[in-house]
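Asks: Count along the sequence shown starting at 1, add 190, and that's the number in our numbering. All C-beta atoms, glycine included, are put in the ideal place defined by N, C-alpha and C. There's a structure below that I have some questions on.
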Amino acid sequence: MTISAQQARVADASAPQRRFGLFDALVSPLARLWSGDLNLGRLGMAAALPVLGWVFYTTSSGMIDIMQREPGDVIGIAGTLIATTAVLTMLAATSWSLGVDLAALIARRRMARERMIIKTGVTALVFAFVFSISAFFSFTYYYNNIFKLSSRKIVAELQPMELATEVLLPATKDIAAAYEAASARIAATPSYKAYLDSIDGLINTARQAGPALREAIRKRQEAQQAVIAQAASQAALEMESAQAAMRQLEDARRDIEALERSIAELDVIIKAKQDEMTSMAATARQEEQLAVDAAHGLDGLGATCGPNCRAHQEKAAEAMRRVSALRQTLAGPANERANAVKRRDALNAQTITLKQKAETASAASGRPMPKGEAALDLDATLRDLAALRDQLRLEPTWRAVREAKPLCEPILAAARQSNALPGSVPRDFTCEPQGEARDLLSARDETIAARAAFDKKCGLEAGLRDELSVIVAKIRSAPASDRGAAANGFNDAKTLVDACVVSGKAAGLTDDEVRELLKKSDAYLRTHSSERNKFELAREAFWSFTPDSTMAIGVAMAQDAFLFIMKFLSEIFKRGYEARERRQFAAPIDLSDDEEQPVDIRAMKAVLRAARPVHGDMSEIDPDAEAMSALPPNVRDNIMAILNRLVRDEIAHVDRKGAYLVDNITVGQIEARLFAALKPRSARALHYAADGVLASGPRAYYADAAAANLPRRRSGALERYLIAEPSPMDRRSAG
Numbered sequence: 191m192t193i194s195a196q197q198a199r200v201a202d203a204s205a206p207q208r209r210f211g212l213f214d215a216l217v218s219p220l221a222r223l224w225s226g227d228l229n230l231g232r233l234g235m236a237a238a239l240p241v242l243g244w245v246f247y248t249t250s251s252g253m254i255d256i257m258q259r260e261p262g263d264v265i266g267i268a269g270t271l272i273a274t275t276a277v278l279t280m281l282a283a284t285s286w287s288l289g290v291d292l293a294a295l296i297a298r299r300r301m302a303r304e305r306m307i308i309k310t311g312v313t314a315l316v317f318a319f320v321f322s323i324s325a326f327f328s329f330t331y332y333y334n335n336i337f338k339l340s341s342r343k344i345v346a347e348l349q350p351m352e353l354a355t356e357v358l359l360p361a362t363k364d365i366a367a368a369y370e371a372a373s374a375r376i377a378a379t380p381s382y383k384a385y386l387d388s389i390d391g392l393i394n395t396a397r398q399a400g401p402a403l404r405e406a407i408r409k410r411q412e413a414q415q416a417v418i419a420q421a422a423s424q425a426a427l428e429m430e431s432a433q434a435a436m437r438q439l440e441d442a443r444r445d446i447e448a449l450e451r452s453i454a455e456l457d458v459i460i461k462a463k464q465d466e467m468t469s470m471a472a473t474a475r476q477e478e479q480l481a482v483d484a485a486h487g488l489d490g491l492g493a494t495c496g497p498n499c500r501a502h503q504e505k506a507a508e509a510m511r512r513v514s515a516l517r518q519t520l521a522g523p524a525n526e527r528a529n530a531v532k533r534r535d536a537l538n539a540q541t542i543t544l545k546q547k548a549e550t551a552s553a554a555s556g557r558p559m560p561k562g563e564a565a566l567d568l569d570a571t572l573r574d575l576a577a578l579r580d581q582l583r584l585e586p587t588w589r590a591v592r593e594a595k596p597l598c599e600p601i602l603a604a605a606r607q608s609n610a611l612p613g614s615v616p617r618d619f620t621c622e623p624q625g626e627a628r629d630l631l632s633a634r635d636e637t638i639a640a641r642a643a644f645d646k647k648c649g650l651e652a653g654l655r656d657e658l659s660v661i662v663a664k665i666r667s668a669p670a671s672d673r674g675a676a677a678n679g680f681n682d683a684k685t686l687v688d689a690c691v692v693s694g695k696a697a698g699l700t701d702d703e704v705r706e707l708l709k710k711s712d713a714y715l716r717t718h719s720s721e722r723n724k725f726e727l728a729r730e731a732f733w734s735f736t737p738d739s740t741m742a743i744g745v746a747m748a749q750d751a752f753l754f755i756m757k758f759l760s761e762i763f764k765r766g767y768e769a770r771e772r773r774q775f776a777a778p779i780d781l782s783d784d785e786e787q788p789v790d791i792r793a794m795k796a797v798l799r800a801a802r803p804v805h806g807d808m809s810e811i812d813p814d815a816e817a818m819s820a821l822p823p824n825v826r827d828n829i830m831a832i833l834n835r836l837v838r839d840e841i842a843h844v845d846r847k848g849a850y851l852v853d854n855i856t857v858g859q860i861e862a863r864l865f866a867a868l869k870p871r872s873a874r875a876l877h878y879a880a881d882g883v884l885a886s887g888p889r890a891y892y893a894d895a896a897a898a899n900l901p902r903r904r905s906g907a908l909e910r911y912l913i914a915e916p917s918p919m920d921r922r923s924a925g
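What follows is the structure in structure tokens.
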């Protein structure tokens, strides 16, 4: 606060008090803020306290979420509260101190001396340390409870495909590299080189073909046409025989079905008659036994064949007659059934022969027939054969060899027939590779089949994608309470990916590559599974810089840095309000050097003459300037003493060029002291009265304008001499 502001306060204190209304209560803080009377530090602290309380809540909540082992862990909660209190205490202290120091350095209220820089640097390091701790745990709170609610399932849904991409893409590249290496190995074998050289020799021979070679090709085509015609005739006969056999087989099958139905019907009739005959035979035996018992007197009528005996004998005879009649009627169906069975067995034997004949004829007709070829276009054949040869150089496969063989054979046969076979073509050449190349090509077919199966099952755009989509659908449809759905889905996806890696061994992966890929899959599961340590999950989320984590980091850092920002801005604004106070223009002073004046006066004049305003409300004093060097040694020594004292008091500092940088306020104070030393007391009093002091009368002659208006117990000698003191009654009436 300047002298003008103090004088204004004294004047306000002496003025009569007016009524203080509601509007004044509302406007007073703004007026005090504009006039610079409001303590911005306290205002910033009052605004920062609720924010600091919220920071305590978010930091402690994030720390509890990570450090709490189980619900109800009282020890963990107590330790978390203690740690949070310690961290936020250090954060508040360092924020306050760092805000004050940085604002003072920026506003040039403190010189950037080594001690000040070290203090500010150490404070900044401690602030950064505790700020990072608080911001991390606040981030954990926001990320887990607010920002990640919308993306937790999204992350879990993306993990299966990310795992497959992380592991299977390198596997696919390794398989392709192994395939290329196998191609180079096959192409480097001597037998395969001999095969390609033979193809090249035939192509060169055919390109230089004479009439003999072309005639040999024509005759071979005629022979082939004859063979084709004979084969077609034989195939037609076999087809006709097969069709006749099929018709006979169908007729036999229909007859067998009719006989089966007839045999079934006869079996029912024969079974009924046989059952009745069995029943009648049993009845006859029973009646005969009863007749014998009656003849022996068991019926109580004596041991003679009486009426009961004869009745039983008649029933037995009747039953036997019925049996005889049934036996006679059974002979016809039994003979008919025997004939049907005999015919059925004969037809069954015939169907076996017919079926074998039909199958043989069908197989013969199903065999590929030699195709009738038009007149051989030698130039087109050579172009196709040369293209296949180039393809075989890059990618040796049996498929390309089999496609090249029909093009090679006519040229080879014609060359042999016309004795035009080149020396590079062996006599036993069959238009196919031999030896080691043949075995490698056969193994390559298995590898190609395994690659096709691998691509179909484990391709990211094929079967594996469908299986992973099913897993993702399960994760998406799982309720929020099912915390294990994401982890279980991730484990299922890993099982599928590992199975694909193992199956890739047949497609070309080596054992070492399979082990490395499985290790990579395990490492990915460890680093991305939701079942990991909570601190590790929070740390990974902090450095992931996803939209959610970035938003959480921004909010956490903003709230934790709020106290520092408020203190820093309050100090900056305080400097601005102080600079806004009006300064009175002092009366001009003669600053020229006068040898008759004291040395201290000459030194202050020299300082004011040499002070050159620079940026930052500072003035530069160069002790090596020409004006300074021209001064007497004693004056120059006083100047250096004054400047060095300012540096020791941290009011000034020395720059790299050796010049002294002094605050303009200090320069103004030097000017005021010089003015006070040069002017008489009456002039000093008039000067301060013009500056806004309300003193009058003899008190206006005091050098200190503020002290002139202070109440005194008794008047000074000058006042008593010039003006009589009022009586006590007058003073009470004036009050």
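Name the residue from Leu359, Leu584, Arg443 and Arg451 whose alpha carbon lies nearest to the alpha carbon of Ala536.
Replies: Stepping through the sequence shown from its first residue, residue 536 is reached at position 346. Here the closest residue by C-alpha is Arg443.
Asks: How many Å lie between Ile933 and Asp750 at the Cα?
Replies: With the chain covering 191 to 925 only, the question about residue 933 has no answer from this structure.
Asks: Val660 lies in the alpha helix (DSSP H); which residues open and close that run?
Replies: The sequence position of residue 660 within the sequence shown is 470, counting from 1. From DSSP, the alpha helix (DSSP H) with Val660 extends over Gly653 to Ser667.
Asks: Leu544 and Gln438 look like a contact to me (Cβ under 8 Å); what is the Cβ gap, rounded to whole Å?
Replies: As a first step, residue 544 is located in the sequence shown; it is residue number 354 there, counting from the start. As a first step, residue 438 is located in the sequence shown; it is residue number 248 there, counting from the start. Contact flag correct, Cβ pair sits at about 5 Å.
Asks: Could you tell me which of Thr275, Pro380 and Phe327 sits nearest to Gly625, measuring between CA atoms?
Replies: To locate residue 625, count along the sequence shown from 1; it is residue 435. Looking at the Cα atoms, Pro380 is the closest of the given residues.
Asks: By Cβ distance, which residues of its chain are closer than 7 Å to Ala697, with the 5 residues on each side in sequence left out?
Replies: For the purposes of this step, residue 697 is identified with residue 507 of the sequence shown, where counting begins at 1. Correct list, in chain order: Ile365, Thr637, Ala640, Arg641 and Phe644.
Asks: Can you check the region 588-644 for any alpha helix (DSSP H) of at least 4 residues that lies completely inside it and give the ranges in chain order?
Replies: Unbroken alpha helix (DSSP H) runs of no fewer than 4 residues, entirely contained in the region 588-644, are found at 588-607, following chain order.
Asks: Suppose the cutoff is 6 Å on Cβ atoms and the five residues either side in sequence are ignored; what does the same chain contact list for Phe317 look like?
Replies: One-based indexing of the sequence shown puts residue 317 at position 127. Correct list, in chain order: Thr284 and Leu288.
Asks: Answer with buried or exposed for Val153, where buried requires no fewer than 16 other C-beta atoms within 10 angstroms of its C-beta.
Replies: Since the first and last residues shown for the chain are 191 and 925, residue 153 lies out of range.
Asks: Ordered along the chain, which non-local residues of its own chain (more than five positions away) have a Cβ less than 8 Å from that of Val662?
Replies: Here the question's residue 662 lines up with position 472 in the sequence shown. Cβ neighbours of Val662 beyond the five flanking positions: Glu347, Pro350, Met351 and Gly679.
Asks: In chain order, what residues of the same chain lie with their CB nearer than 7 Å to the CB of Leu386, ignoring the 5 residues before and after it?
Replies: As a first step, residue 386 is located in the sequence shown; it is residue number 196 there, counting from the start. Excluding residues within five positions, the ones whose Cβ falls inside 7 Å are Arg579, Leu582 and Arg583.
Asks: Which residue from Arg799, Thr275 and Ala377 puts its Cα closest to that of Glu585?
Replies: Walking along the sequence shown from the start, residue 585 turns up at place 395. Nearest of Arg799, Thr275 and Ala377 to Glu585, Cα basis: Ala377.
Asks: Output yes or no for whether 7 Å exceeds the beta carbon distance between Val357 and Lys709.
Replies: Translated into positions along the sequence shown, residue 357 becomes position 167. Translated into positions along the sequence shown, residue 709 becomes position 519. In this structure, Val357 lies away from Lys709, with their beta-carbon atoms at least 7 Å apart.
Asks: Can you grab the Cα-Cα spacing for the pair Asp457 / Leu488, in whole Å?
Replies: Translated into positions along the sequence shown, residue 457 becomes position 267. Translated into positions along the sequence shown, residue 488 becomes position 298. Cα-Cα distance, rounded: 43 Å.
Asks: Short of 6 Å in beta carbon distance, which residues of its chain neighbour Ala471, apart from the five on each side in sequence? Order them along the chain.
Replies: Indexing the sequence shown from 1 puts residue 471 at position 281. Excluding sequence neighbours, Ala471 sits near Val513.
Asks: Check whether the region 266-281 touches the region 310-328, taking contact to mean three or more Cβ pairs, one atom from each stretch, closer than 8 Å.
Replies: yes
Asks: Do you know offhand how far Ile453's Cα is from Thr473's?
Replies: For the purposes of this step, residue 453 is taken as residue 263 along the sequence shown, with counting starting at 1. For the purposes of this step, residue 473 is taken as residue 283 along the sequence shown, with counting starting at 1. When rounded, the distance between both Cα atoms is 30 Å.
Asks: Would you please state the rounded distance, in angstroms, between the beta carbons of Ala372 and Arg628? I believe it to be under 8 Å.
Replies: Here the question's residue 372 lines up with position 182 in the sequence shown. Here the question's residue 628 lines up with position 438 in the sequence shown. About 15 Å; that fails the 8 Å criterion.
Asks: Give a yes or no on whether the C-beta atoms belonging to Ala434 and Val691 are separated by under 7 Å.
Replies: Position 244 of the sequence shown, counted from the first residue, corresponds to residue 434. Position 501 of the sequence shown, counted from the first residue, corresponds to residue 691. No, they are not a contact pair.
Asks: Any idea if Tyr332 is buried or exposed, counting beta-carbon neighbours within 10 angstroms, 16 or more meaning buried?
Replies: Mapped onto the sequence shown, residue 332 falls at position 142. Classification for Tyr332: buried.
Asks: The alpha helix (DSSP H) with Pro823 in it runs from where to where?
Replies: Sequence index remark: in the sequence shown, residue 823 carries index 633 (1-based). Looking at the DSSP string, the run of the alpha helix (DSSP H) that includes Pro823 is Pro823 to Arg838.
Asks: Distance, Cα to Cα, Pro778 vs Glu861?
Replies: Working through the sequence shown from its first residue, we reach residue 778 at position 588. Working through the sequence shown from its first residue, we reach residue 861 at position 671. Approximately 10 Å between the Cα atoms of the pair.
Asks: Thinking Val825 and Ala793 are a contact (beta carbons under 8 Å), I'd like their distance in whole angstroms, please.
Replies: Taking the sequence shown and counting its residues from 1, one reaches residue 825 at position 635. Taking the sequence shown and counting its residues from 1, one reaches residue 793 at position 603. Contact between Val825 and Ala793 holds: CB atoms are separated by about 6 Å, below the 8 Å threshold.
Asks: Taking Cβ positions, are Leu715 and Lys684 nearer each other than 7 Å?
Replies: The residue given as residue 715 occupies position 525 in the sequence shown. The residue given as residue 684 occupies position 494 in the sequence shown. Contact: yes.
Asks: Confirm, please, whether the CB-CB distance from Arg799 to Glu810 is below 7 Å.
Replies: Residue numbering aside, residue 810 sits at position 620 when the sequence shown is read from its first letter. Residue numbering aside, residue 799 sits at position 609 when the sequence shown is read from its first letter. No. Outside cutoff.
Asks: When burial is assigned at 16 or more other CB atoms within 10 Å of the CB, is Pro823 buried or exposed?
Replies: Numbered from its first residue, the sequence shown carries residue 823 at position 633. Looking at its Cβ environment, which holds fewer than 16 other Cβ atoms inside 10 Å, Pro823 is exposed.
Asks: Just to confirm my understanding: we take Ala325, look at its own chain, exclude 5 residues before and 5 after, and list those with CB closer than 6 Å. What are they?
Replies: Reading the sequence shown from its first residue, position 135 is the one you call residue 325. So the qualifying residues of the chain are Ala746, Met747 and Asp750.
Asks: Going by beta carbon distance, what residues of the same chain come within less than 6 Å of Ala668, once the five residues before and after it are set aside?
Replies: By 1-based counting over the sequence shown, the position of residue 668 is 478. The residues are Ala675.
Asks: With respect to the alpha helix (DSSP H) encompassing Asp853, which residues constitute its N-terminal and C-terminal limits?
Replies: Locating residue 853 in the sequence shown gives position 663, counting from the first residue. Per DSSP, Asp853 belongs to no alpha helix (DSSP H); it is in the beta strand (DSSP E), Tyr850 to Asp853.
Asks: How about Cys499 and Ala481: do their beta carbons lie closer than 7 Å?
Replies: Counting from 1 along the sequence shown, the entry for residue 499 is found at position 309. Counting from 1 along the sequence shown, the entry for residue 481 is found at position 291. Yes; because the gap between Cβ atoms is below 7 Å, this pair is in contact.
Asks: Classify Arg904: buried if its beta carbon has 16 or more other beta carbons within 10 angstroms, exposed otherwise.
Replies: Counting from one through the sequence shown, the residue named residue 904 turns up at place 714. Low confidence applies to Arg904: its pLDDT is 48, below 50, so where it sits in the model is not reliable, and the reading given next is rough at best. By the 10 Å Cβ count, Arg904 comes out exposed.
Asks: Can you tell which of Leu292, Val837, Ala419 and Asp790 has its C-alpha closest to the C-alpha of Arg863?
Replies: Stepping through the sequence shown from its first residue, residue 863 is reached at position 673. Looking at the Cα atoms, Asp790 is the closest of the given residues.
Asks: Just to confirm, are Val290 and Glu761 a CB contact at a threshold of 7 Å?
Replies: Translated into positions along the sequence shown, residue 290 becomes position 100. Translated into positions along the sequence shown, residue 761 becomes position 571. Cβ atoms of Val290 and Glu761: closer than 7 Å.
Asks: Going by beta-carbon coordinates alone, are Thr395 and Ala605 separated by less than 7 Å?
Replies: In the sequence shown, residue 395 corresponds to position 205, counting from 1. In the sequence shown, residue 605 corresponds to position 415, counting from 1. Cβ atoms of Thr395 and Ala605: closer than 7 Å.
Asks: Pick out whichever of Met306, Phe754 and Leu759 has its Cα sitting closest to the Cα of Ala842.
Replies: Mapped onto the sequence shown, residue 842 falls at position 652. With distances taken between Cα atoms, Ala842 lies closest to Met306.
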